[in-house]
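A.B. asks: Heads up: the sequence lines are chains A and B, in that order.
Per the numbering used here, residue 1110 is the first one in the first sequence, and the count goes up by one each step.
Per the numbering used here, residue 74 is the first one in the second sequence, and the count goes up by one each step.
All C-beta atoms in this analysis are idealised placements derived from N, C-alpha and C, irrespective of residue type, glycine included.
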Amino acid sequence: MILNQLPILQVVLPLLAAPLCLLLKNSTWATWLTAVTSWLTFFVAVFLLQQTLEIGSQSYSIGGWTPPWGIEYRIDALNAFVLLFVSAICAIVATASGPSVIREIGRDRAYLFYCCFLLFETGLLGVVATGDVFNLFVFLEISSLAAYVLVSFGRDRRALSAAYRYLILGTIGATFYLIGVGLLYQATGTLNFSDLATRMPLLEDSRTIRAAFAFITVGIALKLALFPLHLWLPNAYAYAPSIVTALLAGTATKVALYILLRIFFTLFGSNFSFGTLPVDVIIMPLAVAAVFVGSAAAIFENDVKRMLAYSTIAQIGYMVIGISLATVTGLTGGIVHMFNHAVIKTALFLSLACAVWRVGPVTMDAIAGLGKRMPLTMGAFVLAGMSLIGVPGTAGFVSKWYLVTAALERGWWWIALVMVVGSLLSIVYIWRVLEAAYFRPVSEGAPTGEAPLLMLLPTWTLVATTLYFGVDTRFGVGMARLAAESLLGLVP
Amino acid sequence: MEFPGLYNYWIVTGLMMGGLYIVISRRNLVKKLIGVAIFQASVFVFYITIGKVSGGTAPIVFVGNMTYSNPLPHVLILTAIVVGVAIMAVGLALVVRIKEAYGAIEEDEINRQDNNR
């Protein structure tokens, strides 16, 4: 039955399509192949989510080797949800990518780009689907290696040094994670998530386990770009091709956050992570600092892509605040914000990709009067930007509402205050773009005209999604609450 | 605790810190990659040594009752070595491209050229 094979199909589809792209050596075909594969993967994820909602979590043993000896893929409410939106973002970005990739990377190299795109998707989906700590490392490195290459495709030569820095810091992060896994294996003799989780309560006082926890947390925080480990992110996002930025912003950091959730709650358990070793008192101030530093840096940035990159650092701060609250409402808020931010940032970066397609590098001067020159593109930017700020009626409002509620539930009113101030700061930087695009005069001979429909349609689809989930919160919040409850062990 | 105790940990820690220090302190892009390689190698050594059972032989088919080393960390590290090789390849390829684009592989020189535009 093919329905039993869905967990592995998810990963195998893009993995098989990647070398095909290389063999085709034809950029048009590679574009289509990538888009079709990504959509197929998305439908697999939809089926998986449906199955998970019907029969609860499911386990798939690779090659018939029963866990905990073999590698297990375990799908529960959390990863079914993450798989769904990561594959959805990959599919939408792949659909929109054609014109932008040909203009920014060139027709002769585009098939290589799509090969890396699919490998990147393989890595991400593998990380999310797997239930084995070492397998997770391998997939994490597949996605990261593909990401380094994707960033280096940028036209500006600074993309190369950005990719290099990303490679060095990413590798150090992954190696830290590997050290942690080694220590875990040494203390427990197993690599399987659920097997590790059952052994963990007996080992809470072991110094080896504590060291493992510290190494893994720091390693993943590097991949996540949690302040102050975010130094690789702004340049990598700013100089990567626009399509790559949209892809990375929507997926890579979200998957790193997913790993953090798994490590804190499933593997070590919330009693250990927030009781024995109070990780919340470390990551909460860092997350708060991320909100302020990211937003402040965004306000003074002149390149819109770089500005949104700094804003991503601030938004990661919000999500980590949600995690560090470690209550059902807090986690729900964190997970919903992860989903909403993935959609919002991809929409913003895709609309920038449209702008780049027409005007080149999007500095504040280059986008002067863009509201008149590219009304549909800037319209999408405005609506997604409002959602980023958290205007009521948009998805961004829903997740911030949950985060603020969770902070107040714990009696931490100052955290709620931080989030409100952070939102005010985001009004400032989004306004700077709007001011340039709508109230500055159009300079003579500036390139005018809309981006191709193939890019506009996916962008508007994402914008419509964030507006829809701002009104109808049943799906996003419902899934996030289910995931949060299963993480905290409230439901089996 | 007697000194040096389990001496493999001292070697691993020394290599690890040395590698990390090179990454942080050197401004030359190739030297930085060498630091990363040493850093990763220390983790490989760590994995390989924790699989050793004292008095154990290689875990191959044998007759009778024998102690053998744990093969799993060794297998894991084979995979990690492959990942390390791939990272090195991509890193060095990037350095080649950087040299072509900037004519330099010193970080200070690259930063100077970027800031002067």
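Less than 6 Å between C-beta atoms, sequence neighbours within five positions excluded: which residues of the same chain meet that for residue 1332(A)?
C.D. replies: Counting only Cβ-Cβ distances below 6 Å, and skipping sequence neighbours, we find 1282, 1365.
A.B. asks: Give the residues of chain A in contact with residue 160(B), contact being defined as C-beta atoms less than 8 Å apart.
C.D. replies: Ordered by position in chain A, the residues that pass the 8 Å Cβ test against residue 160(B) are 1250, 1254, 1276, 1280.
A.B. asks: Near residue 1246(A), which residues of its chain fall below 7 Å by C-beta distance, leaving aside the five closest residues on each side in sequence?
C.D. replies: Within the same chain, residue 1246(A) has close Cβ partners 1283, 1286, 1287, 1290.
A.B. asks: To the nearest angstrom, how far is it from the Cα of residue 1353(A) to the Cα of residue 1259(A)?
C.D. replies: Roughly 6 Å between the two C-alpha positions.
A.B. asks: Give, in chain order, every residue of the segment 176-189 of chain B whose Cβ lies closer than 7 Å to some Cβ of chain A.
C.D. replies: So the list reads 183, 187, given in the order they occur along the chain.
A.B. asks: Run down chain A in chain order and give the residues with a C-beta less than 7 Å from the C-beta of residue 129(B).
C.D. replies: Those do not exist, as residue 129(B) stays about 15 Å from chain A at its closest Cβ, beyond 7 Å.
A.B. asks: Taking the alpha helix (DSSP H) that residue 1220(A) belongs to, which residues open and close that run?
C.D. replies: 1219-1238 is the extent of the alpha helix (DSSP H) around residue 1220(A).
A.B. asks: Could you list the residues in the segment 1287-1299 of chain A with a C-beta less than 8 Å from some C-beta on chain B, going in chain order?
C.D. replies: Listed in sequence order: 1287, 1288, 1291, 1294, 1295.
A.B. asks: To the nearest whole angstrom, what separates the beta carbons of residue 1294(A) and residue 146(B), a pair I think is in contact under 8 Å?
C.D. replies: 7 Å between Cβ atoms; contact.
A.B. asks: Please determine, among 1140(A), 1489(A), 1509(A), the residue with the shortest C-alpha to C-alpha distance to residue 1530(A).
C.D. replies: When each option's Cα is compared against that of residue 1530(A), the closest is 1509(A).
A.B. asks: Any idea what DSSP makes of residue 1301(A), helix, strand or coil?
C.D. replies: Here residue 1301(A) sits in strand by DSSP.
A.B. asks: Quickly, what does DSSP pair residue 1183(A) with across the bridge? List them, please.
C.D. replies: DSSP, once it has assigned bridges, lists 1168(A) as partnering residue 1183(A).
A.B. asks: Which word fits residue 163(B), buried or exposed, when buried means at least 16 other C-beta atoms lie within 10 angstroms of its C-beta?
C.D. replies: Classification for residue 163(B): buried.
A.B. asks: Closest by CA to residue 1205(A), which one among 1471(A), 1535(A), 1540(A), 1351(A)?
C.D. replies: For residue 1205(A), the nearest C-alpha among the options comes from 1351(A).
A.B. asks: Please report how far the alpha carbon of residue 1437(A) lies from the alpha carbon of residue 1522(A), in whole angstroms.
C.D. replies: Near 18 Å, if we compare the C-alpha coordinates of residue 1522(A) and residue 1437(A).
A.B. asks: Could you work out which residue in 1520(A), 1202(A), 1424(A), 1303(A) is closest to residue 1339(A) when comparing CA atoms only?
C.D. replies: Measuring from the Cα of residue 1339(A), the nearest candidate turns out to be 1424(A).
A.B. asks: Taking 7 Å as the CB-CB limit, is residue 136(B) close to chain A?
C.D. replies: Taking Cβ atoms only, chain A never reaches closer than 7 Å to residue 136(B), which makes this a no.
A.B. asks: Taking 7 Å as the threshold (beta carbon to beta carbon), is residue 100(B) in contact with chain A?
C.D. replies: For residue 100(B), the answer is no, since every Cβ of chain A falls outside 7 Å of its Cβ.
A.B. asks: Give the C-beta separation of residue 165(B) and residue 106(B) to the nearest angstrom, bearing in mind that I take them to be a contact with Cβ-Cβ under 8 Å.
C.D. replies: At roughly 7 Å, the Cβ-Cβ gap stays under 8 Å, so residue 165(B) and residue 106(B) are in contact.
A.B. asks: Determine which residues of the segment 1257-1273 of chain A have a Cβ less than 8 Å from any Cβ of chain B, and write them out in chain order.
C.D. replies: Hits within the stretch, in order: 1257, 1258, 1261, 1266, 1267, 1269, 1270, 1272, 1273.
A.B. asks: Who are the neighbours of residue 84(B) on chain A, taking C-beta pairs under 9 Å?
C.D. replies: Result: empty, since nearest Cβ-Cβ is about 14 Å, beyond 9 Å.
A.B. asks: Just to confirm the assignment: which complete alpha helix (DSSP H) runs, minimum length 4, are found wholly within the segment 1453-1539 of chain A?
C.D. replies: Correct list: 1479-1482, 1484-1498, 1504-1518.
A.B. asks: Under a Cβ-count criterion, where at least 16 other Cβ atoms within 10 Å of its own Cβ denotes burial, should residue 1432(A) be classed as buried or exposed?
C.D. replies: By the 10 Å Cβ count, residue 1432(A) comes out buried.
A.B. asks: Is it buried or exposed, residue 1159(A), if we count other Cβ atoms within 10 angstroms and call 16 or more buried?
C.D. replies: Residue 1159(A) is exposed by the Cβ-count criterion.
A.B. asks: Interface residues of chain B around residue 1284(A) at Cβ under 7 Å?
C.D. replies: What residue 1284(A) touches in chain B: 112, 113, 116.
A.B. asks: Is residue 1236(A) close to chain B? Criterion is C-beta to C-beta, closer than 7 Å.
C.D. replies: Not an interface residue.
A.B. asks: Distance cutoff 7 Å, beta carbons only. Does residue 1243(A) sit that close to anything in chain B?
C.D. replies: Cβ-Cβ to chain B under 7 Å: yes for residue 1243(A).
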